[in-house]
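Top line first, the protein sequences correspond to chains A and B.
One point on numbering: in UniProt numbering, the residue at position 170 of the first sequence is 170, and numbering is uninterrupted.
One point on numbering: in UniProt numbering, the residue at position 54 of the second sequence is 54, and numbering is uninterrupted.
Using N, Cα and C, we set each Cβ at its ideal position, and we do this for glycine too.
Note that the structure is predicted; figures quoted are calculated from it, not measured.
To start, the structure itself, in structure tokens.
2 protein chains.
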Amino acid sequence: MTDEPSGGDLSRLRQLNALSVLRALRDERPLTLTELAKRTGLSRASTEDVARELLARGWVSELAPAVGTVGRPARRYRFRADAGRILGVDIGGHKILAMVTDLEGVVLNQTRVAVSPRIGRRERLAMLDDCVTTTLAGAGVTPDQIWSTGVASTGLVDGTGNVMLSDSVPEWTGVNLAAHFRRLVPGPVRVENDCKLAALAESWRGVARYAGNVVFLLAGLRTGAGLIIDGKLHRGFGNAAGEIGALPAAGWLRAPQHLYDWLGGGDDVEDVFLAARDGDRTAIRAVRAYIRDIAVGASALVLTLDPELVVIGGGFSRSADVLVEPLRRELDRWCLRTPEIRVSGFGAEGVALGAVRLALEQVEATRYDGKLPVSAI
Amino acid sequence: MTDEPSGGDLSRLRQLNALSVLRALRDERPLTLTELAKRTGLSRASTEDVARELLARGWVSELAPAVGTVGRPARRYRFRADAGRILGVDIGGHKILAMVTDLEGVVLNQTRVAVSPRIGRRERLAMLDDCVTTTLAGAGVTPDQIWSTGVASTGLVDGTGNVMLSDSVPEWTGVNLAAHFRRLVPGPVRVENDCKLAALAESWRGVARYAGNVVFLLAGLRTGAGLIIDGKLHRGFGNAAGEIGALPAAGWLRAPQHLYDWLGGGDDVEDVFLAARDGDRTAIRAVRAYIRDIAVGASALVLTLDPELVVIGGGFSRSADVLVEPLRRELDRWCLRTPEIRVSGFGAEGVALGAVRLALEQVEATRYDGKLPVSAI
């Protein structure tokens, strides 16, 4: 934690008080001191104390009293989502997507560029830098306004932001993305595997929002998984949880071949789904064979964790109408209890939103101990 | 929670204070009030208050001042592990094992009876009752001295103590074990699947004591799994976590057949392991084939959760010397990172010890809100 500029210290108790006040304000409409004290359980004096401090730091703003107020008008406070900016980046095999959001995760600007899995590391990093620069400029934001950055990468990522292993983009193995991003933006940088962050996004504000235990399937040109256990992203001891796809018996390695076989020379997998939707029998058979293979690994995840929910995300989730029913039938075949299946509503943006969430978690973990980007103090 | 006799109420804060004092005393040698206040972070006045109350309830005892104390002698307090008794029962396909322990889980008496998977439900319940009665009598304990009971059963168990599904003992499906035990003992009764409780025992005081994420494999005539995630037993949404064995691709259903094939007509699987240990090539091949199948499901668990530890327990764990190395080689083959493998030291008692732990958790969860067995007040 040497990468956050330091500021004045708050006592631990005041940090916790400040955190509960900020949470109450972020989740609700503007609140008066009386309402804030009630929601946080703090004394009125402590609430006032915290509110004054947060106001001074620019994290909350004061509103005019509500119209029609009788007697002494009560001040109201509002969380200032625009006090800082967040950068979230998704580096996949086939695309780079960068987004700038406010402190509530509302997207202010985003840029997507297509990349080939076959380009080299240096060229990919240069495209990444361009994409970030373009995104910041489009949002009218300078790097020092970014409070925190979250980065999603294809492949396994270790705790220091290093790509340990990338099968889909071989030259990516060994890149230290955290170090690379620290040259672009001054705030803290966290890096995580893309499937894990897509799962985090669903748990944060997606279709898995109220679920404690979730298996998230990233269904696309590659298949991956992210796990939410007890409401939290499960990373595993070596940050390698959810990698069931590496096991041949799970069927994920061979699954896409059924789609490619149908395509012959074509390379837009969407065509198989379109044909299946139109009732083409060979396409329907190819999709079913694909699902039959995917379902073995998915069943292994379900039988292992017994989640309440399976979420389908990733590129193929746009074709969920031809995928979900066959998947449900296969899960019924293997699982003791088939969980509810839901389709992500994030389309291609889920991974980047998860990166934003990761960055926001970092903000929540650090800003209340007084360690804040300079622009925020 | 209608099954615990009620007593006087403590305020929530006092409950928490009492809990931290009890924990400090249970984990350490006898402590003075000054030492207790330091360890718990409570004020001296609160500590004294709690100690007085716990003394009155019989949960702690007061010791004579330490020998050689100068000046005003300081009273010392000790956790009274003998204030109550715990019953733990393991109901397997082939045996019933009951144990009575004190409040620290020290076994005072235990009884083991062999049962056949083929006997009917009524006869099995009668043998269970006999086993429990014998165990209590042998410990010189009457049922009303049992503060809490934990029951491990083969099969899936729901939250109300009902056996939802038992493949190995078909007549067992539908038995409500919690209701059955409430006729035997007055305190709270909790029932859980045997593999889950064996995992809990390892995490409590076995080889997984300091591990956050653990895959426990119950290797025996049947293969099962229990998962510790973030230091806690993972049950799943429908209490069906760890059931990867139901998936044919996991290999667990067919695995024991390699051992039976080698045995021909014999039924003591131990013979294969003995022969393998003696260098019999056909036995070694049979054991390797068994491990090869087990390892597919084990790898699925490891790849899913990325645990720091795999623990081998169950009946076959006594033959760990011929099992662990082949298993490690197979895990190396499939997993991205092979976790450390350890062998349970509990032998056939792990499941029952897990049942004791489950009962102790129930005691910790309830006794501090004043709801205690009559004998304890």
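- Contact between the stretch 328-337 of chain A and the stretch 227-241 of chain A is not established, with fewer than three Cβ pairs separated by less than 8 Å.
- Residue-level contact check: Trp-334/A touches chain B, since one or more beta carbons of chain B fall below 7 Å from its beta carbon.
- Taking a C-beta distance under 7 Å as the contact criterion, Leu-301/B and Thr-304/A qualify as a contact pair.
- Annotation: Cβ neighbours of Asp-230/A in chain B (cutoff 9 Å, chain order): Ile-229, Asp-230, Lys-232 and His-234.
- The stretch 225-238 of chain B makes contact with the stretch 194-202 of chain B: 3 or more CB pairs, one atom from each, lie closer than 8 Å.
- Counting along the chain, the unbroken alpha helix (DSSP H) around Glu-53/B starts and ends at 44-57.
- Listed in chain order, the positions of the stretch 287-311 of chain B with a beta carbon within less than 7 Å of a beta carbon of chain A are Val-296, Ser-299, Ala-300, Leu-301, Leu-303, Thr-304, Leu-305, Asp-306, Pro-307 and Glu-308.
- Remark: fewer than three beta-carbon pairs, one from each stretch, lie closer than 8 Å, so the stretch 118-127 of chain A and the stretch 142-154 of chain A are not flagged as touching.
- Straight across, the Cα-Cα distance linking Ala-276/A with Arg-318/A is about 13 Å.
- With three or more CB-CB distances shorter than 8 Å, the stretch 306-323 of chain A counts as touching the stretch 344-358 of chain A.
- Within 7 Å of the CB of Arg-328/A, no CB atom of chain B is found; the nearest one sits about 16 Å away.
- In the structure shown, Ser-116/B adopts coil according to DSSP, grouped into three states.
- Between Val-310/A and Leu-259/B, the alpha-carbon positions lie close to 37 Å from each other.
- At least one C-beta of chain A is nearer than 7 Å to the C-beta of Phe-237/B.
- The distance from the Cβ of Asp-144/A to that of Pro-186/A is about 6 Å, consistent with a contact at the 8 Å cut-off.
- Interface flag for Asn-193/A against chain B is unset, since no Cβ pair is found closer than 7 Å.
- Listed along chain A are Phe-237, each with a C-beta nearer than 8 Å to that of Pro-339/B.
- With the criterion set as a beta carbon lying under 8 Å from some beta carbon of chain A, the members of the stretch 337-366 of chain B are Arg-337 and Pro-339, in sequence order.
- The Cβ atoms of Val-113/A and Ala-139/A do not sit closer than 7 Å to each other.
- Annotation for Leu-358/A: Gly-150, Arg-190, Glu-192, Leu-197 and Leu-200 place their beta carbon closer than 7 Å to its own, counting only its chain and skipping 5 residues before and after.
- Residue-level contact by beta carbon fails for Leu-253/B and chain A, as no gap is shorter than 7 Å.
- Note on Tyr-210/A: under 16 other CB atoms within 10 angstroms of its CB, so exposed under the neighbour-count rule.
- Within chain B, the residues placing a beta-carbon under 7 Å from that of Asn-213/A are Gly-236 and Phe-237, ordered along the chain.
- When DSSP states are grouped into helix, strand and coil, Ser-20/B belongs to the helix group.
- Chain B places a beta carbon closer than 7 Å to that of Ala-249/A, counting this residue as a contact.
- Secondary structure in the stretch 270-345 of chain A: the beta strand (DSSP E) runs of 3 residues or longer, each lying completely within the stretch, are 309-313 and 340-343 in chain order.
- With respect to chain A, the C-beta atom of Glu-243/B has a partner C-beta closer than 7 Å.
- Neighbours of Ala-246/A in chain B, taken as residues whose beta carbon is under 8 Å from its own, are Leu-303, Trp-334, Cys-335 and Leu-336 in chain order.
- Cβ neighbours of Lys-232/B within its own chain (closer than 7 Å, five residues either side excluded): none.
- Between Gly-88/B and Leu-103/B, the CB-CB gap reaches or exceeds 7 Å.
- Of all residues in the stretch 150-184 of chain B, only Leu-156 and Leu-165 come within less than 8 Å of chain A when Cβ atoms are compared, listed by chain position.
- Straight-line measurement puts the Cα of Val-106/B at about 59 Å from the Cα of His-94/A.
- Ser-61/B carries a strand assignment under DSSP once its states are collapsed to helix, strand and coil.
- Within its own chain, the residues whose Cβ lies closer than 8 Å to the Cβ of Thr-135/A, once the five positions on either side in sequence are excluded, are Leu-87, Ala-98, Met-99, Val-100, Asn-109, Gln-110 and Thr-111, listed in chain order.
- Three or more Cβ pairs drawn from the stretch 74-84 of chain A and the stretch 55-62 of chain A lie within less than 8 Å of each other, which places the two stretches in contact.
- In this structure the stretch 289-299 of chain A touches the stretch 247-265 of chain A; the number of beta carbon pairs closer than 8 Å is three or more.
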